[in-house]
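Shown next, in structure tokens, is the structure this report addresses.
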Amino acid sequence: MIDPLLLCAIMALTTLAVLMTGYPVAFVLAGSGLLFALIGATLGVFHLPLLSALPQSIFGLMQSPTLVAVPLFVFMGVVLEKSSLAADLVQAASKLLSARRGGLAAAVIGVGALLAATTGIVGATITTLGLLALPPMLAAGYRPSLAAGTVAASGTLGQIIPPSIALVLLGDQISIAYQNVQIDQGIFSPRTITLNDLFAACILPGLALASLYAAYVLIRARFEPGLASPNDKPHAAAPDLWPALLPPLLLVVAVLGSILAGLATPTEAAGIGAVGALLLAARRTARKATATIINAALWSMLALVMLASLFDLRPQRDVIPFADWLAIAAAALLTLCLAAGIAVALRATVRTRDTAGLPILTAAATRTLTLTAMIFAIVIGARLFSLTFRGLGGADFIENLLQGLPGGATSAVFMVMATIFILGFFLDFLEILYIVIPVTVPVLLALPLADGSTMSPLWLGALIALNLQTSFLTPPFGIALFYLRSVAPDAIRTADIYRGIVPFVALQLVMLAIVWTWPVLATGLPALLGSGN
Amino acid sequence: MNRLASRIDTVNRTIAGTARWLVVAMALVQFANVVLRHVFSISFIQMSEAVWYLHGLFFTLGAGYALLGDDHVRIDIIYGRLAPRTRAIINLAGTFCLLLPVCAAIIWFSADYVTGAWRIREGSAEFGGLPFIYVLKTGIWAFAFLLGLQGIAVAIRSAARLSIRPQYSSKCPSR
Numbered sequence: 000m001i002d003p004l005l006l007c008a009i010m011a012l013t014t015l016a017v018l019m020t021g022y023p024v025a026f027v028l029a030g031s032g033l034l035f036a037l038i039g040a041t042l043g044v045f046h047l048p049l050l051s052a053l054p055q056s057i058f059g060l061m062q063s064p065t066l067v068a069v070p071l072f073v074f075m076g077v078v079l080e081k082s083s084l085a086a087d088l089v090q091a092a093s094k095l096l097s098a099r100r101g102g103l104a105a106a107v108i109g110v111g112a113l114l115a116a117t118t119g120i121v122g123a124t125i126t127t128l129g130l131l132a133l134p135p136m137l138a139a140g141y142r143p144s145l146a147a148g149t150v151a152a153s154g155t156l157g158q159i160i161p162p163s164i165a166l167v168l169l170g171d172q173i174s175i176a177y178q179n180v181q182i183d184q185g186i187f188s189p190r191t192i193t194l195n196d197l198f199a200a201c202i203l204p205g206l207a208l209a210s211l212y213a214a215y216v217l218i219r220a221r222f223e224p225g226l227a228s229p230n231d232k233p234h235a236a237a238p239d240l241w242p243a244l245l246p247p248l249l250l251v252v253a254v255l256g257s258i259l260a261g262l263a264t265p266t267e268a269a270g271i272g273a274v275g276a277l278l279l280a281a282r283r284t285a286r287k288a289t290a291t292i293i294n295a296a297l298w299s300m301l302a303l304v305m306l307a308s309l310f311d312l313r314p315q316r317d318v319i320p321f322a323d324w325l326a327i328a329a330a331a332l333l334t335l336c337l338a339a340g341i342a343v344a345l346r347a348t349v350r351t352r353d354t355a356g357l358p359i360l361t362a363a364a365t366r367t368l369t370l371t372a373m374i375f376a377i378v379i380g381a382r383l384f385s386l387t388f389r390g391l392g393g394a395d396f397i398e399n400l401l402q403g404l405p406g407g408a409t410s411a412v413f414m415v416m417a418t419i420f421i422l423g424f425f426l427d428f429l430e431i432l433y434i435v436i437p438v439t440v441p442v443l444l445a446l447p448l449a450d451g452s453t454m455s456p457l458w459l460g461a462l463i464a465l466n467l468q469t470s471f472l473t474p475p476f477g478i479a480l481f482y483l484r485s486v487a488p489d490a491i492r493t494a495d496i497y498r499g500i501v502p503f504v505a506l507q508l509v510m511l512a513i514v515w516t517w518p519v520l521a522t523g524l525p526a527l528l529g530s531g532n
Numbered sequence: 000m001n002r003l004a005s006r007i008d009t010v011n012r013t014i015a016g017t018a019r020w021l022v023v024a025m026a027l028v029q030f031a032n033v034v035l036r037h038v039f040s041i042s043f044i045q046m047s048e049a050v051w052y053l054h055g056l057f058f059t060l061g062a063g064y065a066l067l068g069d070d071h072v073r074i075d076i077i078y079g080r081l082a083p084r085t086r087a088i089i090n091l092a093g094t095f096c097l098l099l100p101v102c103a104a105i106i107w108f109s110a111d112y113v114t115g116a117w118r119i120r121e122g123s124a125e126f127g128g129l130p131f132i133y134v135l136k137t138g139i140w141a142f143a144f145l146l147g148l149q150g151i152a153v154a155i156r157s158a159a160r161l162s163i164r165p166q167y168s169s170k171c172p173s174r
């Protein structure tokens, strides 16, 4: 008979060791979960039928109304990337701002924040920023480490500024935990937190973090001796600012605006964003006649929103006044126009080819398929790992550990935060999200604070989101570093990248401390919007 | 053996060639749902269910193809510097010790779950919903099967690389 907790520890260490070999993360997690379940069962400390929870768990991912947002947001981001809309934005912004000292770096951060608010795909943002902004930054005399750090850190803003894939997954986890905790406490009509709440909670911390980054690079630039004279214009042929800035801004307003105004669920907003990105992508590449139709479609979208807010457009009711009939007819016409625009956009994105020679739509759909499959494979792997970890008693052990900490809730949160930060050096956000969060968050949410109340799940969520962001940057296994390495010119050494991200990770920790000290930064906006707790 | 690996590639490539369009369909159906609901206050339960049907089939059908393109995330700080031979050993061992057992286990542990759904032709829990839950649940099998199938192709290729004598295999340039 072996102590199952010992087996748990061996399993965790073995998994970390096998992950280092470079075999795909998803299968290492799933594989060690399975193998240690079998070992545990052979030794009589694991109940093998526990694994039959697996199909229900996978099916839960397949039919979750929240997670539907993941492929749609991925698609939106990939379309922006493949259609060069993101590239236009980078070039236009750096043209505008490179006239100021440190302006180029500030432009990169601004663009990073804006792309973050549209796509939220860290890899795509870093690839675009790295390819387009690194060479001019180096040419303007930025130190390679500062340039690399700025690009990597700006790219990761996509994780914290909503809508983001990471927040969708985190919100799913936290709302489940929050409900279960309340049911355990005997509250039968539990309060819920929605993804909208978490999105709202992360906006201020995300923007504040972007501002911290910008302040830092501007101050650094003052003391950068080799920085080129402010008159150097690296992008003579860059596109004009407004035509480049408008499409992503429109998407931000449509997607984030509708979520924050409480008009749409994140899943609905993801649908708007995906189709919106298609329209804008087609508009950029298409000929004049096509662009006109798409413009008309975009205007009809706006007109529909206005009509819907002015008139009662329900056709399914008994008595409809004449004015409403007119409005309904107009709305139907506008919808037709919108549908025509979408059809034209689909055709245009099939006809235009990307740099690799594939039709933009095909390339975007294929990339969305592999990215989404990769994400969910890791989630499934982590689920299997967690099933075994839980079955061997690891979860109970951690629960007791956290409950028994001297210092109560505060030190428990601190402990979890420290764990997530340290794990971030080795794992990336998906694994942490699906292994650490389900075990620790329910305990934390149930712990009484000093004044007897429990902590706000939104505050905790924002802290976790900020903390998870460091996992993209912390070497040796920060995903952002890999993406940057793959597009960075040879003039930037890997050591430059590692050195460059240190101050930005420090700023992330500063932001973490700020939100820790002033929870209102996270809880204020959701409360103001009337949906928070 | 090489032909078998190519056949497997073709299977997953063909499936992905269709499956990738599910996300476009998903975007369009979801957008239609939004317009119908927010403008005309109409909602069709089949159409909202269709979105998560598409989502569920999308990633389960794409997992094998992602392996074909080596798109599953690796921690490649060490792997990236290894010679192709060593990588082949890791992939061969990983396929047999981790990937294939996992795929087999998923199929094994979901056997009752999936066949049970087929036996009763399980439909939606909602009144008027789509009656194809049993098809959707089969996605779990498709996920494991397509992934395992592609794993076999990876194993064949890795073994083929190992059978080449080491002096002929080129070293990977390390940064």
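Those protein sequence lines, which keep their order, are chains A and B. For the first sequence, numbering that gives the first Met the number 0 gives the first residue as 0, with consecutive numbering after it. For the second sequence, numbering that gives the first Met the number 0 gives the first residue as 0, with consecutive numbering after it. Glycine included, each C-beta is placed from N, C-alpha and C at the ideal position.
Beta carbon proximity, residue i to chain A, threshold 9 Å
i        : result
B/ARG120 : no
B/ASN32  : yes
B/ASN90  : yes
B/GLN29  : yes
B/PRO83  : no
B/PHE57  : yes
B/VAL113 : yes
B/TYR78  : yes
B/ILE7   : no
B/THR13  : no
B/SER109 : yes
B/ILE41  : yes
Chain B within 9 Å of residue i, Cβ atoms only
i        : result
A/THR334 : yes
A/SER97  : no
A/SER470 : no
A/PRO475 : yes
A/ARG313 : yes
A/ALA526 : no
A/PHE74  : yes
A/GLY451 : no
A/ALA16  : no
Distance between residue j and residue i (C-alpha atoms, nearest Å)
i        : j        : result
A/LEU95  : A/LEU448 : 49 Å
A/VAL486 : A/GLY154 : 13 Å
B/PHE144 : B/LEU67  : 14 Å
A/ALA243 : A/THR126 : 18 Å
B/LEU53  : B/LEU21  : 6 Å
B/MET0   : A/THR65  : 43 Å
B/VAL28  : A/ALA328 : 22 Å
B/GLY55  : A/VAL504 : 36 Å
B/ASP75  : A/VAL251 : 34 Å
B/GLU121 : B/TRP140 : 16 Å
A/ALA152 : A/VAL121 : 10 Å
A/GLN158 : A/ASP323 : 43 Å
A/LEU6   : B/GLY61  : 34 Å
B/ALA104 : A/GLY39  : 16 Å
Chain-order list of residues whose beta-carbon lies under 7 Å from that of residue i (same chain, five-residue window excluded)
i        : result
A/HIS46  : GLY390
A/LYS81  : ASP353, ILE359, ALA362 and ALA363
A/ALA535 : Examination of residue 535 of chain A is not possible in this model, given that chain A is present from 0 through 532 alone.
A/ILE192 : ILE173, SER174, TYR177, PRO456, LEU457 and ASN532
A/ALA220 : ARG100, GLY101, ALA104 and LEU226
Same chain, Cβ closer than 8 Å to residue i, five either side skipped, listed in chain order
i        : result
A/LEU520 : LEU203, PRO204, ALA207, ALA461, ILE513 and VAL514
A/ARG492 : PRO143
A/PHE198 : PRO161, PRO162, LEU166, GLY170, LEU255, ILE258, LEU259 and PRO265
Residues that residue i contacts on chain A, provided the C-beta gap is smaller than 9 Å
i        : result
B/VAL153 : Under the 9 Å cutoff, chain A gives no residues; its nearest Cβ is about 10 Å from B/VAL153.
Interface residues of chain A facing residue i [CB-CB closer than 8 Å]
i        : result
B/PRO100 : GLY30, LEU33 and LEU34
B/PHE68  : A small fix is needed here, since residue 68 of chain B is Gly in this sequence, not Phe. Per Cβ cutoff of 8 Å: THR369.
Within chain A, partners of residue i - CB distance below 7 Å
i       : result
B/GLY93 : TYR22 and PHE26
Cross-chain neighbours of residue i in chain B, by beta carbon under 9 Å
i        : result
A/PRO246 : In chain order: nothing, as chain B lies at least about 17 Å away.
A/ILE377 : HIS71 and VAL72
Nonlocal neighbours in the same chain, by C-beta distance under 6 Å from residue i, ignoring five residues either side
i        : result
B/GLN45  : LEU129
A/ARG350 : none
A/SER410 : LEU404
message = In chain order, what are the residue ranges of uninterrupted alpha helix (DSSP H) at least 4 long that sit wholly in the segment 22-63 of chain A?
response = 24-41 and 53-61
ask   = Which parts of the segment 101-150 of chain A are runs of the alpha helix (DSSP H), unbroken and 4 residues or longer, counting only runs that do not cross its ends?
value = The segment 101-150 of chain A contains these whole alpha helix (DSSP H) runs: 102-117 and 121-138.
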